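Accompanying notes for the structure given below.
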Amino acid sequence: MLGYEIFVDGFAISSLYALGAVGFTLIFGVSGVLNLAHGGTMVVAAMIAWLVIGDLHTGVLGGALIGIIAAIAFAFATYFAAVRPIQRSRAIPKEETEIFILTSTLLWGIMIQTAIAYFFTTNPVTVPPLVPGVVHVLSVRTPSNEVLIAVLCWLVMALLWLFVSRTRAGKALLAASINPRALTLCGFELSRIHLLVWAIYGVLAGIAGVLLGTYLGASSDNIGPLTASAFSIVILGGLGSVPGSLIAAYVVGYFETITAYLVAPTLRSIPALIILVLVLYIRPQGILGRR
Amino acid sequence: MSRMGKSDLRTSAKASRRQVLAGAGALAGLAALPASVRAAGEPIKIGVIAEISTLPGAAIPKGAEIAADEINAKGGVMGRPLQLVVYDNHVSSVESVRAFQRLASQDKVVAVIASFISEVALALEPWSARLKMPFITPGAASNNISKQVHDDYDHFKYTFHGWFTSYFIAKSTSDSAHDLLVDQLHMKSCVVMSEDAAWTTPLDEGYLEFLPKAGLAVLDHIRFSPDTTDFTPIFNRIEARKPDVMITGISHVGVVPTVQWAEQKVPIPMYGVSSQATSSDFWKDTHGACEGVTSQAGAAPDSAITPRTLPFTQSYLKRYGLLPAYCGYSSYDMVYVIAEAIARAGSTEADKMVTGLEATDHVGTIGRIKFYGRTARFTHAIEYGIDLVPGVMLQWQQAKMKTIWPLKYATAKISFPSFVKLPA
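Chains as they are written, first to last, in our numbering: chain A, 1 to 291; chain B, 1 to 424.
Here it is, written out as structure tokens:
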């Protein structure tokens with residue numbers, strides 16, 4: 001029974017981690033940007049969904065959609081406010097661009113965190129579940145919403161895979177992550193590909209954020225930990241590797257769940273961090289890293 | 001760090017804005033009154049430090065402002081108006097200490113009302129002693145706050161505990177559990193589930209001592225991190241123990257475990273302290289998932305524990321559009337307690353105020369308020385008792401907070417949602 005509980009509970013949370021981290025790793029793979037305002041994108045999606053469902057009575061699906069749109073808008077805002085100006089700045093030496101972007105996205109994330117705390121308090125909000133009720137999975141009483149989360153996460157990732165492997169825009173995206181210079185020589189505009197990847201990122205992080213809101217709740221205090229968890233997963237999986245991030249998300253999700261069940265709920269996040277440190281010592285490129 | 005500098009600026013801007021607003025409000029109020037009751041002269045300043053971004057913390061300055069306005073409308077204290085100086089501490093002990101120092105040195109307040117978080121109150125206590133500044137917490141619960149006063153009275157006597165100690169919260173909760181869960185619902189066993197925080201260590205000790213005496217065997221005792229977001233493992237572990245009820249000690253968390261409890265249809269009722277549930281926003285924040293959730297509190301919006309409870313609830317609702325969280329009541333009461341102590345002492349000098357505060361016998365919104373004396377176990381904590389401050393047990397029933405205990409003040413019978421299984 002306990003084994004089943006760990007399996008079912010861990011699967012839902014790991015799927016959510018995976019979806020959250022995939023967008024994060026995609027942006028790094030394609031444009032070399034580590035977006036430290038990532039948690040902010042997820043929380044903005046959940047907050048906006050919660051707000052419009054409660055105050056505008058849009059219904060859960062309408063609210064979820066508006067939440068995802070808000071996340072796309074926020075992703076573009078991050079790009080145009082915290083990333084693009086630094087990439088174009090002549091005052092910043094080329095080799096220092098990355099560290100400046102790291103700093104600017106971090107500060108941007110803190111600004112959003114403070115703004116959300118100011119307007120909505122630090123108290124977590126929850127988006128109503130997309131489907132109510134419970135079902136029994138492997139004889140474990142599981143909210144239907146949790147099953148839906150796992151299914152949706154995999155569906156979205158399958159769609160992403162189809163997009164990248166079957167469409168022209170998707171293939172260009174993949175090519176940009178392998179050799180951006182060659183891509184520009186083929187006549188592709190790199191800045192448009194960057195816009196595309198930020199839009200995809202907004203969709204992925206938005207969906208993950210809304211689903212997070214229906215499952216664990218979201219508050220301004222979550223922004224830092226959400227960024228940190230995506231960051232750990234991506235480091236563990238190998239920077240820029242989507243399959244690596246998927247594997248790492250399940251490793252982290254299950255380690256956390258096992259710890260919460262078998263050791264103590266208080267220590268939940270510790271073992272994953274220990275693994276992360278070990279990986280940095282033994283295999284710094286991560287599970288499927290290229291470098 | 002830069003974050004602190006920034007928020008520092010924000011607090012001071014906020015404080016001055018609030019002062020101006022309070023001043024304007026007081027002027028508008030005074031204009032309507034006959035000259036004989038107008039408070040005049042140099043204002044007496046009282047400092048307020050609160051976690052304004054949290055549900056319980058936001059109620060602290062709001063409750064205090066209503067009391068100050070009422071007192072000023074009746075002529076103030078010794079003919080002088082009360083003025084509040086409010087700082088947001090951003091849920092940080094460090095910022096609280098800085099605000100406390102500023103209140104003493106710059107704003108020249110005569111007393112400070114601060115915080116519902118024990119870690120913060122415990123950080124301020126030595127500063128209250130050092131700066132000889134009367135300090136009352138209207139919502140923190142750790143036993144150590146008043147125990148320190150007992151252990152080193154001459155040093156710490158400036159601190160007053162304007163809320164239940166964890167010990168008495170555990171006692172009040174267990175007394176109510178005996179009347180409701182054991183006598184009415186025939187429950188026999190429980191699991192204690194508390195967040196890991198300064199206030200719950202003594203609370204859990206109290207639970208483990210009083211619950212078996214009340215008739216509930218404690219099958220397991222779970223403490224979890226206040227950062228927990230997924231409560232499924234905790235609920236599953238509790239369910240595996242097959243208790244009749246889980247007894248909660250939660251304040252930093254509230255919305256998330258409540259929503260997950262309802263979504264997962266955990267068949268075991270939650271009972272005990274759930275501080276966030278004492279705010280009227282809780283129904284909206286949980287989308288009604290809090291049906292059947294209880295919390296121990298000082299007063300309820302629907303039950304006249306004293307003649308002052310309901311009028312205060314109404315003026316709070318009218319002024320702020322929501323009902324006060326638990327420390328809204330106690331903050332309101334503590335402004336009166338301070339005002340009366342000053343009047344009694346005839347002075348705002350710290351040592352005289354302490355003597356004045358020790359003589360407190362005030363009928364407030366949460367009951368008849370007196371402080372334990374120097375020889376008691378919890379010096380300067382408010383006295384617990386069914387005819388003094390009894391504490392109440394609230395329960396959310398159909399979008400309303402109802403009083404279910406003490407039985408003589410109850411406005412509803414205890415009931416739980418249909419997915420909860422009760423003993424036959």
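C-beta atoms are modelled at their ideal positions from N, C-alpha and C, and glycine is treated no differently.
Small disclaimer: the values here were computed from a predicted structure and weren't measured.
Whole-number beta carbon distance between residue j and residue i, since they are thought to touch under 8 Å
i	j	result
I46(B)	L84(B)	6 Å
V337(B)	T306(B)	Wrong, their Cβ atoms sit about 14 Å apart, outside the cutoff.
T122(A)	G217(A)	The Cβ separation is near 12 Å, so there is no contact.
G356(B)	Y329(B)	Going by Cβ atoms, the distance from G356(B) to Y329(B) rounds to 22 Å, so no, they are not a contact pair.
A67(B)	V335(B)	4 Å
A99(B)	Y87(B)	4 Å
I49(B)	A140(B)	Not really, about 11 Å apart at Cβ, beyond 8 Å.
Backbone CA spacing between residue i and residue j [nearest angstrom]
i	j	result
I117(B)	N179(A)	54 Å
G209(A)	A18(A)	12 Å
E98(A)	F163(A)	28 Å
E70(B)	H155(B)	33 Å
I69(A)	D244(B)	45 Å
L160(A)	Y201(A)	11 Å
I169(B)	L323(B)	22 Å
T229(B)	R374(B)	42 Å
V252(A)	A339(B)	56 Å
L33(B)	G40(A)	Bear in mind that the predicted position of L33(B) carries a pLDDT of just 41, short of 50, making it unreliable; the figure below should be weighed with that in mind. About 50 Å.
G29(A)	S177(A)	5 Å
V354(B)	S128(B)	12 Å
A46(A)	H287(B)	14 Å
E95(A)	A325(B)	53 Å
Q285(A)	L239(A)	7 Å
A182(A)	I101(A)	24 Å
G32(A)	S89(A)	16 Å
I247(B)	W108(A)	41 Å
G170(A)	L26(A)	12 Å
T313(B)	G391(B)	16 Å
P81(B)	G75(B)	7 Å
N89(B)	D204(B)	27 Å
P423(B)	D152(B)	48 Å
S36(B)	A59(B)	For S36(B), the predicted structure reports a pLDDT of 40, less than 50, and the residue's modelled location is therefore unreliable. A value from the coordinates is still provided. So the alpha carbons of these two residues sit roughly 32 Å apart.
G63(A)	R84(A)	30 Å
T137(B)	D227(B)	24 Å
L204(A)	Q276(B)	32 Å
One or two residues paired with residue i in a DSSP bridge
i	result
Q276(B)	Per DSSP, none; premise fails for Q276(B).
I222(B)	M193(B)
V363(B)	R368(B)
A218(A)	V125(A)
V77(B)	R80(B)
F160(B)	I136(B)
Y150(B)	Before going on, a small fix: residue 150(B) reads as His here, not Tyr. In the DSSP output, where bridge partners are listed per residue, H150(B) has none listed.
M42(A)	M42(A) is not bridged to any residue.
Y271(B)	I247(B)
Any C-beta of chain D under 8 Å from that of residue i
i	result
G54(A)	In the structure shown, chain D cannot be found, because the protein chains are A and B.
Extent of the continuous beta strand (DSSP E) to which residue i belongs
i	result
P143(A)	140–143
F403(B)	Per the sequence presented here, residue 403(B) reads as Thr, with Phe not at that position. That run of the beta strand (DSSP E) goes 400–405.
L82(B)	82–88
K45(B)	44–50
M393(B)	392–397
T137(B)	135–137
Q296(B)	294–297
I27(A)	No beta strand (DSSP E) holds I27(A); the alpha helix (DSSP H) holding it covers 2–31.
A104(B)	Not the beta strand (DSSP E): A104(B) falls in the alpha helix (DSSP H), residues 93–105.
A111(B)	111–114
V131(A)	Looking at the DSSP string, V131(A) is not in any beta strand (DSSP E), and its letter there is neither H nor E.
Where the alpha helix (DSSP H) containing residue i begins and where it ends
i	result
T307(A)	What the structure shows of chain A is the stretch from 1 to 291, and residue 307(A) is not part of that stretch, so it cannot be assessed.
I178(A)	168–178
I342(B)	326–345
I223(A)	223–237
T248(B)	Taken as a continuous stretch (DSSP letters only), T248(B) belongs to no alpha helix (DSSP H), being part of the beta strand (DSSP E) at 245–250.
A350(B)	350–358
V255(B)	255–263
Exercise. Can at least three beta-carbon pairs, one atom from the stretch 358–375 of chain B and one from the stretch 257–272 of chain B, be found at a separation below 8 Å?
Worked result: Touching, no, given that fewer than three Cβ pairs across the two stretches are closer than 8 Å.
Discussion item. Quick check: the stretch 187–197 of chain B against the stretch 158–173 of chain B, are at least 3 beta-carbon pairs closer than 8 Å?
Written reply: No, the stretch 158–173 of chain B is not in contact with the stretch 187–197 of chain B.
Count Cβ pairs between the stretch 1–17 of chain A and the stretch 181–198 of chain A that sit closer than 8 Å; are there 3 or more?
The stretch 1–17 of chain A, when compared against the stretch 181–198 of chain A, does not touch it at the 8 Å Cβ threshold.
- Should the stretch 137–156 of chain A be called in touch with the stretch 218–234 of chain A, which here means at least 3 C-beta pairs below 8 Å? Contact fails: fewer than three Cβ-Cβ distances are below 8 Å.
Take every Cβ of the stretch 400–420 of chain B, pair it with every Cβ of the stretch 282–302 of chain B, and state whether three or more of those distances are shorter than 8 Å.
Touching, per the Cβ criterion.
Does the structure place the stretch 235–252 of chain B close enough to the stretch 272–282 of chain A that three or more beta carbon pairs sit under 8 Å? Contact between the stretch 272–282 of chain A and the stretch 235–252 of chain B is absent: fewer than 3 CB-CB pairs across the two stretches fall below 8 Å.
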